[in-house]
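Student: Let me begin by handing over the structure; questions about it come next.
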Amino acid sequence: MSILTTQNLSIGYSKKGKTDIIQSDLQLSLRAGELVCLIGPNGSGKSTLLRTLAGLQKPLAGKTKIDGDETAKLSQHEKALLIALVLTERVDIENATVYNIVSLGRHPHSSWWGNMSEEEDAFIHEVIAMVHLEHKAHSFLSELSDGERQRAMIAKALAQDTPIILLDEPTAHLDLPNRVEIMLLLHKLAHKTQKAILLSTHELDLALQAADRIWLISAEHGVECGVPEDLVFNGSFNRAFESRAYYFNAANGNFSMNYPMTKSVWVSGDKTRMYWTLRALARGGYMVEQNADIHILVTEDGWQMDNKNISTIEELLSKLNDYA
Amino acid sequence: MKSRSLILFIALSLLAIGLFLADLAWGSIHISLSEIISVFFGKGAEGINSEILLNFRLPKAITAVLAGASLSVAGLMMQTLFRNPLADPYILGVSSGASLGVALVMMAAAFLPVAFVSSGWALIAAAIIGASIVLVLVVGVSFKVNNAVSLLIVGIMFGTIASSFVSVLQNFSNPDAIKLFVMWTFGSLSAVTWNYMTVLLPVVLVGLGLAFYLQKKLDGLLLGENYARGLGISITKTRFLIVLATGLLAGGITAFTGPIAFVGVAIPHIARGVFRTSLHRILLPACVLLGASLLLVCDIISQMPTYTLPINTISALFGAPIIIWIILKRR
Numbered sequence: 001m002s003i004l005t006t007q008n009l010s011i012g013y014s015k016k017g018k019t020d021i022i023q024s025d026l027q028l029s030l031r032a033g034e035l036v037c038l039i040g041p042n043g044s045g046k047s048t049l050l051r052t053l054a055g056l057q058k059p060l061a062g063k064t065k066i067d068g069d070e071t072a073k074l075s076q077h078e079k080a081l082l083i084a085l086v087l088t089e090r091v092d093i094e095n096a097t098v099y100n101i102v103s104l105g106r107h108p109h110s111s112w113w114g115n116m117s118e119e120e121d122a123f124i125h126e127v128i129a130m131v132h133l134e135h136k137a138h139s140f141l142s143e144l145s146d147g148e149r150q151r152a153m154i155a156k157a158l159a160q161d162t163p164i165i166l167l168d169e170p171t172a173h174l175d176l177p178n179r180v181e182i183m184l185l186l187h188k189l190a191h192k193t194q195k196a197i198l199l200s201t202h203e204l205d206l207a208l209q210a211a212d213r214i215w216l217i218s219a220e221h222g223v224e225c226g227v228p229e230d231l232v233f234n235g236s237f238n239r240a241f242e243s244r245a246y247y248f249n250a251a252n253g254n255f256s257m258n259y260p261m262t263k264s265v266w267v268s269g270d271k272t273r274m275y276w277t278l279r280a281l282a283r284g285g286y287m288v289e290q291n292a293d294i295h296i297l298v299t300e301d302g303w304q305m306d307n308k309n310i311s312t313i314e315e316l317l318s319k320l321n322d323y324a
Numbered sequence: 325m326k327s328r329s330l331i332l333f334i335a336l337s338l339l340a341i342g343l344f345l346a347d348l349a350w351g352s353i354h355i356s357l358s359e360i361i362s363v364f365f366g367k368g369a370e371g372i373n374s375e376i377l378l379n380f381r382l383p384k385a386i387t388a389v390l391a392g393a394s395l396s397v398a399g400l401m402m403q404t405l406f407r408n409p410l411a412d413p414y415i416l417g418v419s420s421g422a423s424l425g426v427a428l429v430m431m432a433a434a435f436l437p438v439a440f441v442s443s444g445w446a447l448i449a450a451a452i453i454g455a456s457i458v459l460v461l462v463v464g465v466s467f468k469v470n471n472a473v474s475l476l477i478v479g480i481m482f483g484t485i486a487s488s489f490v491s492v493l494q495n496f497s498n499p500d501a502i503k504l505f506v507m508w509t510f511g512s513l514s515a516v517t518w519n520y521m522t523v524l525l526p527v528v529l530v531g532l533g534l535a536f537y538l539q540k541k542l543d544g545l546l547l548g549e550n551y552a553r554g555l556g557i558s559i560t561k562t563r564f565l566i567v568l569a570t571g572l573l574a575g576g577i578t579a580f581t582g583p584i585a586f587v588g589v590a591i592p593h594i595a596r597g598v599f600r601t602s603l604h605r606i607l608l609p610a611c612v613l614l615g616a617s618l619l620l621v622c623d624i625i626s627q628m629p630t631y632t633l634p635i636n637t638i639s640a641l642f643g644a645p646i647i648i649w650i651i652l653k654r655r
């Protein structure tokens with residue numbers, strides 16, 4: 001079920017009669033219970049699209065609709081009941097605890113005094129537990145790690161109890177374990193709570209694994225939507241990230257660098273070790289060719305070249321250099 | 325946590341009441357507590373002490389309470405709005421505007437009828453008009469610019485322009501007028517008579533009421549403007565109300581007492597340090613009590629020596645070490 005849709009949406013900035021259109025004619029739809037990752041090169045309009053969908057910025061043309069109602073016609077308060085945000089702005093509030101921050105998410109629901117009933121209190125604790133911060137509920141924000149801080153902001157968005165959550169690069173500035181954890185958490189939340197969750201990210205491999213759907217945005221090709229694997233098969237990734245320096249490697253879902261390859265070798269043997277061997281060879285400028293003059297055999301615990309055993313990649317590369 | 329705040333509030337209230345009584349009792353002439361009670365309850369409401377108490381010390385103590393509360397609450401709102409710990413109630417140019425108004429009246433005295441200049445109302449009216457003009461300009465700009473930092477800079481610029489005009493006026497004035505003006509900038513709590521109180525009190529109460537009305541929105545603003553929008557807070561409207569409340573509080577007080585620096589920037593930090601919270605529903609009353617207490621202490625000190633010192637000097641001398649201590653303690 002689509003909860004957020006756009007019709008002929010154009011996004012960008014307009015200042016003093018000058019309009020700078022970043023993307024135009026977008027027909028997007030965000031469904032409940034799905035985690036969608038917005039991926040694209042810098043400057044392709046990821047943040048602008050998120051801000052426009054959130055209603056923080058006006059569309060240049062077309063409309064965005066939530067549950068059939070045009071977003072532009074909703075009041076600030078009505079929007080707050082439908083969309084919760086996690087932004088890139090760093091929140092530093094002196095003396096604020098995780099509990100305080102999360103209860104700010106209740107703002108659109110609470111009375112003037114903002115005082116919490118027991119049910120509200122229980123709900124806030126439940127939300128804090130969802131992001132696994134129970135033990136830090138009464139810690140000050142300044143005492144949290146970056147990952148915990150991000151989880152607190154996600155809890156704030158959850159506390160807002162909206163059908164849609166938009167997150168602008170929630171995994172930026174985090175280390176790998178925290179990036180994975182945040183992605184998994186959001187994936188789980190989308191499925192468990194039936195919320196529509198849209199996030200922008202630069203983490204291609206994580207997005208490919210965690211996203212139910214990907215919105216691939218690029219200046220040349222607009223926004224292409226689909227299940228991650230479909231976008232891999234139809235070559236959308238390669239088109240979106242077209243560059244001379246690297247290419248999207250459909251074999252492993254990563255970007256591989258385009259090294260200038262001038263020399264050729266022939267490699268055969270064990271499969272896992274082969275992958276890493278090929279990487280090292282590519283970096284060294286070796287193209288792999290069938291029946292090339294130099295033959296490298298990948299064995300279970302090393303390599304063989306000219307019937308000589310080699311035990312490290314370093315050794316292998318230096319031997320190859322000697323040939324050249 | 326909640327009970328800790330409650331105990332602190334009770335303690336601070338008792339402290340403020342105690343200081344209020346001390347401010348009434350101590351001074352160049354000592355008035356005993358029993359005498360104060362008997363004056364208030366109608367017995368022996370005659371004689372010089374009762375005159376001093378009712379027409380001098382009582383309005384002065386009430387002014388101290390109002391000034392301390394107003395400037396602290398205004399300071400808290402400015403620090404939240406601009407998310408800047410150095411913001412104070414005068415940051416939008418309120419005091420410069422008031423100064424310009426007062427300077428115009430005092431130094432242009434040569435061209436005005438003597439009766440008009442010598443009346444206190446003329447100065448107060450001038451200060452209010454000066455502060456209001458700057459504030460109206462800043463509010464006008466607040467609808468145009470969409471971020472708080474630009475608004476801050478615009479406020480400071482308006483303040484600078486007003487200060488420059490004051491300097492120009494000083495350049496063309498006679499030494500007597502300049503001395504009079506400099507005395508005004510020292511600040512004084514004793515200028516507020518019962519007559520003036522009938523104007524000052526409602527202005528301050530409306531300002532404080534507005535601040536308390538905004539408490540939940542102020543909490544939301546701490547997250548930054550975009551997050552606050554996301555929570556359903558109308559930024560333009562809220563910013564307008566905050567500037568208006570600040571203008572009433574800081575502008576009103578400045579008009580009657582002259583500029584009192586420091587209280588507005590210091591007290592919110594002390595309140596946060598003491599209560600260890602970011603919630604405005606706690607910080608606002610905390611600022612009221614702490615601000616009132618600090619200015620009462622300053623007033624007690626200022627009336628101790630034979631030569632009464634300007635309140636502006638004492639508040640800074642006394643308050644600055646407190647701030648340094650709090651920052652060192654908190655690290």
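First to last, the sequence lines map onto chains A and B. Everything in the first sequence is counted per the numbering used here, starting at 1 for the first residue and increasing by one. Everything in the second sequence is counted per the numbering used here, starting at 325 for the first residue and increasing by one. C-beta atoms are modelled at their ideal positions from N, C-alpha and C, and glycine is treated no differently.
Just mark Asp146/A as buried or exposed, buried being the case when its beta carbon has 16 or more other beta carbons within 10 Å.
Tutor: Classification for Asp146/A: exposed.
Student: On the CB-based measure, 16 or more other CB atoms within 10 Å of its CB, does Met507/B come out buried or exposed?
Tutor: Exposed, by the Cβ-count rule.
Student: Closer than 8 Å, CB to CB, is Trp112/A near chain B or not?
Tutor: Chain B contact via Cβ: present.
Student: Taking three-plus beta-carbon pairs below 8 Å as touching, is the stretch 83-99 of chain A in contact with the stretch 153-167 of chain A?
Tutor: As far as the Cβ criterion goes, the stretch 83-99 of chain A touches the stretch 153-167 of chain A, which means the pair count is three or higher.
Student: Check whether the Cβ of Thr48/A lies closer than 7 Å to any heavy atom of the ligand FAD, and answer yes or no.
Tutor: Inclusion of the ligand FAD in the displayed structure is not the case, the ligand content being empty and no account of it being possible.
Student: So with CB distances below 7 Å, who are the chain A contacts of Gly548/B?
Tutor: Ordered by position in chain A, the residues that pass the 7 Å Cβ test against Gly548/B are Glu89 and Val91.
Student: Short of 8 Å Cβ to Cβ, which residues in the stretch 527-556 of chain B face chain A?
Tutor: Against chain A - using a Cβ distance shorter than 8 Å - the residues of the stretch 527-556 of chain B are Tyr537, Gln539, Lys540, Asp543, Gly544, Leu546, Leu547, Gly548, Asn550, Tyr551, Arg553, Gly554, Leu555 and Gly556.
Student: One question on the structure: do Met183/A and Leu198/A come within less than 8 Å of each other, judged by their Cβ atoms?
Tutor: Contact flag unset, no.
Student: Assuming Tyr247/A contacts Ser256/A (C-beta within less than 8 Å), just tell me the rounded distance between them.
Tutor: So it is a contact: roughly 6 Å between Cβ atoms.
Student: Kindly indicate which residue of Ala61/A, Ser2/A, Ile93/A and His107/A has the alpha-carbon position closest to the one of Gly554/B.
Tutor: When each option's Cα is compared against that of Gly554/B, the closest is His107/A.
Student: Just grab the DSSP bridge partners of Ala84/A for me.
Tutor: In DSSP, Ala84/A forms a bridge with Ile165/A.
Student: By how many angstroms is the C-alpha of Gly62/A removed from the C-alpha of Asp69/A?
Tutor: So the alpha carbons of these two residues sit roughly 13 Å apart.
Student: Just how far apart, CA to CA, sit Val478/B and Leu339/B?
Tutor: Near 39 Å, if we compare the C-alpha coordinates of Leu339/B and Val478/B.
Student: In chain order, what residues of the same chain have a beta carbon less than 7 Å from the beta carbon of Leu60/A, not counting five sequence neighbours either side?
Tutor: These residues qualify, in order along the chain: Ser10, Ile11, Gly12, Ser14, Thr19 and Ile21.
Student: Measuring CB to CB, does Leu525/B end up less than 8 Å from Leu390/B?
Tutor: Yes, they are a contact pair.
Student: So that I know if they touch, is there some Cβ in chain B lying closer than 8 Å to that of Lys192/A?
Tutor: For Lys192/A, the answer is no, since every Cβ of chain B falls outside 8 Å of its Cβ.
Student: Can you name the residues that DSSP bridges to Ile294/A?
Tutor: Looking at the DSSP assignment, Ile294/A forms a beta bridge with Val265/A.
Student: In its own chain, which residues sit with a C-beta less than 7 Å from the C-beta of Leu231/A, not counting the 5 before and 5 after it?
Tutor: Ile214, Leu216, Glu224 and Phe237, listed in sequence order.
Student: Quick one: Cα of Gly168/A to Cα of Thr277/A, how far?
Tutor: Looking at the sequence itself, residue 168/A is Asp, so the reference to Gly does not match. Those two C-alpha atoms are separated by around 37 Å.
Student: Within the stretch 457-512 of chain B, note down every full alpha helix (DSSP H) run reaching 4 residues or more, in order along the chain.
Tutor: Entirely contained in the stretch 457-512 of chain B, the alpha helix (DSSP H) runs reaching 4 residues are, in chain order, 472-495 and 499-510.
Student: Using the DSSP secondary-structure output, state which residues sit across from Met305/A in a beta bridge.
Tutor: Looking at the DSSP assignment, Met305/A forms a beta bridge with Ile296/A and Lys308/A.
Student: Anyone know if the C-beta pair for Trp266/A and Ile310/A falls short of 8 Å?
Tutor: No, these two residues do not count as a Cβ contact at 8 Å.
Student: Going straight from the alpha carbon of Val462/B to that of Phe505/B, what length do you get?
Tutor: Answer to the nearest angstrom: the Cα atoms are 25 Å apart.
Student: Leu395/B and Ile577/B look like a contact to me (Cβ under 8 Å); what is the Cβ gap, rounded to whole Å?
Tutor: With a Cβ gap of about 6 Å, Leu395/B and Ile577/B count as contacting.
Student: Looking only at its own chain, which residues have a Cβ that is under 8 Å from the Cβ of Leu620/B, when we skip the five neighbours before and after it?
Tutor: Excluding residues within five positions, the ones whose Cβ falls inside 8 Å are Ala340, Leu343, Phe344, Ala346, Asp347, Ala385, Ala388, Val389 and Gly392.
Student: Just how far apart, CA to CA, sit Val612/B and Ala644/B?
Tutor: Computed Cα separation, rounded: 19 Å.
Student: Cβ of Lys136/A less than 8 Å from any chain E Cβ?
Tutor: Absent from the structure: chain E. Protein chains present are A and B.
Student: Residue range of the beta strand (DSSP E) that Met257/A falls in?
Tutor: From DSSP, the beta strand (DSSP E) with Met257/A extends over Asn254 to Met257.
Student: Below 8 Å on C-beta distance, what does Gln76/A contact in chain B?
Tutor: Arg553, Gly556, Ile557 and Ser558, listed in chain order.
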